[in-house]
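Shown next, in C-alpha cells, is the structure this report addresses.
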Amino acid sequence: MNTPSIWTHLRHVLGGYPNTAAEWAVRVQCPDVTRQELLVLDQWLKADPRNAQAYAEINKISYLGLQLREHRAELPRLEGYRRLRAAERQSERFVPVRLSRLTPSLAGACALLLLTVMVGWFWYANDRYSVGHGEQQRVTLSDGSSVVVNTDSEVKVLYSDSSRVVALPRGEAFFEVAKNPERPFIVRTDDLEVRAIGTKFSVRRTEGGTQVVVSEGRVRVSRIDTARTPSVDLIANMQLNVAPEVPIPAPIAIDAAAATSWTGGMVQFDDEPLLDVLREVNRYTVKPFVIADPALRSVRLSGRFRIGDMESVTFALTNRFDIAVTEEQKEIRLHRR
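Here it is in C-alpha cells:
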C-alpha cells in the first residue's frame, strides 16, 4: 500500500488532522501534504512543549530507520524490528474510529504500525532535489552513486531492493553510478529510460526532447514503451538527442568533457552560433542576454566561461566581435556598434 492510500485510511481513523507525533511524522512525508496541514502541524507543535519533544524523538527514530538501509542484513536480528513487523501483520485493516477510543493494546499496535510505515517510507524514500535558476546541487545517494543537479532542474529518487530509479521531471542532471549489476540504475523522463550499471552520464530535458551524454562506460536508451522502437547503446564521448514520438536516432560523437563541463562550474563552446551560446549562458545568469540585432546571429563563438560570470561573456563579445552591450532593467541587449 502506498503512502497516500495509508493516509486516506488514517484520516478515517483520526477523524481529521493527526494528533500524535507518530501520525504527524508519517503525514509530512506524504507527497500530497498541504500547506494548511503544515500550518496545523506548526500550531500543534507550539501548543504544548511535550508535542515538540515527542515529534523530535520520532524524527530521531526516522533517522535511525534511514541509517538502517546501509545494514539490511542486521534487520532480522533486531528484536524491535521483528515486533514491528508482527504488529504490521496483525493490523492489515484500519478500524474507522478515533485512536482515543481504542483499547490500550490496539492503540499500541496502531502506534507500532505507524512507526513501521514511517520507517518504511524513509527506507524507500521518494527523495526529491529541486534546484533554482543559476544554482547547482551535488547529492550523494544511499548506494554511493552521486548526482549533480543542474540549474532549473529536479530529480526524484526511488530505490528498492531490485532497482535504483531516478526520475527527471525537468532540467538536467549528471550521474556517477556506483556499480551493482543486481540493482540496475535507471533514469526516466516522460517516455525514455536510460539504463546503466557503472558509468558517468548526463540526461537533459529540452524543448525538443531528451539529450543523453556519456562520459564513461555504457548506457542503454530505450522508450518506456519498448515494443515501439529498439533500444540504442551509447559509449563514452557519445551524445543522443531524442525527440518525442519518433524512432530513436543514431548517437553522434562529441567531446563529453566539454559537454559536461557545467559539472565543474564552467560552460565551454567551440565555434558555436551566438544564439546557442547565449541560450546556454542564460541558464545561469540573473539577467538574460538578448540579441537585439539579427545580424549578430551569424557570429560564432569559442571560449570557456565560469557559470554566472556575465562580465567575462560581456568582455568577450565587446572586445572580440565589436558588439555593443546595453544593460537594461530586465535584460542585456546586444547589437552592432
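For the sequence shown, the UniProt record's numbering assigns the number 1 to the initial residue and increments by one for each residue that follows. Glycine residues also receive a C-beta, built at the ideal position from the N, C-alpha and C atoms. Nothing here was measured: the structure is a model prediction, and the numbers come from that model.
For residue i, which residues of its own chain have a beta-carbon under 6 Å away from its beta-carbon, when the five flanking residues on both sides are left out?
i	result
S202	F174, V213 and T260
V286	none
R138	V148
S280	The question names Ser, yet the displayed sequence has Glu at residue 280. Around E280: V267.
Y17	V40
M310	T285
T103	Confidence in T103 is poor, its pLDDT being 46 and thus under 50, which makes the residue's placement unreliable; the coordinate value appears in the next sentence. For T103, where only same-chain residues beyond five positions count, there are no Cβ hits under 6 Å.
A258	Q268
I224	D191 and E193
W24	P18 and L41
I58	A21, A22 and A25
Would you give the residue range spanned by the alpha helix (DSSP H) that residue i belongs to?
i	result
R27	A21 to R27
F315	M310 to R320
A295	Per DSSP, A295 belongs to no alpha helix (DSSP H) and is neither H nor E.
A259	A256 to A259
Whose C-beta lies closer than 8 Å to the C-beta of residue i among residues of the same chain, with five residues either side of it excluded?
i	result
R93	Here R93 scores only 43 on pLDDT, less than 50, and its place in the model should not be relied on; the value that follows carries that caveat. Once the five neighbours on either side are set aside, R93 has no close Cβ partner at all.
V242	L192, G209, T210, Q211, V212, V221, I248 and P249
N282	P288 and F289
V325	T314, L317, T318, I332, R333 and L334
V219	V194, R195, A196, T199, F201, V212, D233 and L234
I254	V213, N237, M238 and Q239
G132	T151 and D152
Y55	A21, W24, A25 and L45
Determine the extent of the beta strand (DSSP E) in which residue i is found, giving its start and end residues.
i	result
E272	M266 to P273
I235	V232 to I235
I323	I323 to E327
G303	R300 to R306
R188	F185 to R188
Can you round the beta-carbon distance between residue i and residue j to whole angstroms, since I take them to be within the 8 Å contact cut?
i	j	result
R297	L275	6 Å
V290	F321	Incorrect: roughly 16 Å between the Cβ atoms, too far for contact.
D270	L334	Actually they are not in contact, since the Cβ atoms of D270 and L334 sit about 20 Å apart, beyond 8 Å.
A178	S130	23 Å between Cβ atoms; not a contact.
Q165	R128	In the sequence as displayed, the identity of residue 165 is Val instead of Gln. With 8 Å as the limit, V165 and R128 do not qualify as a contact, their Cβ atoms being about 13 Å apart.
A21	N51	7 Å
E328	L301	The Cβ separation is near 22 Å, so there is no contact.
So, at 7 Å on beta carbons, what are the nonlocal neighbours of residue i in its own chain, with the 5 sequence-adjacent residues on each side left out?
i	result
S100	Low per-residue confidence applies at S100: pLDDT is 40, beneath 50, and the placement is therefore not dependable enough to give any value.
N180	D143
G308	G134, Y284 and T285
residue 341	Residue numbering for the chain in the displayed model covers 1 to 337; residue 341 lies beyond these limits and cannot be assessed.
Q136	V148, V149, N150 and T151
G265	R306 and I307
R183	S162, S163 and R164
K330	K287
According to DSSP, is residue i part of a helix, a strand, or is it coil?
i	result
N51	helix
I197	coil
E176	strand
K156	strand
I58	helix
D127	strand
R164	strand
T140	strand
R337	coil
E216	strand
V277	helix
W121	Unreliable placement is indicated for W121, whose pLDDT of 42 sits below 50; the coordinate value is still reported in the next sentence. The answer is helix: DSSP assigns W121 an H, G or I state.
T263	helix
V246	coil
V148	strand
V286	coil
P251	coil
V97	Residue confidence for V97 is low, a pLDDT of 38 falling below 50, so the modelled location carries little weight; the figure read from the coordinates is stated next. Coil at V97, not helix or strand.
L192	strand
Is any beta-carbon of chain B found at less than 7 Å from that of residue i?
i	result
N319	Absent here is chain B; the protein component of the structure consists of one chain.
Measuring only from the beta carbon, is residue i closer than 6 Å to any heavy atom that is part of the ligand MN?
i	result
P230	With respect to the ligand MN, the structure shown offers nothing to examine, as it has no ligands at all.
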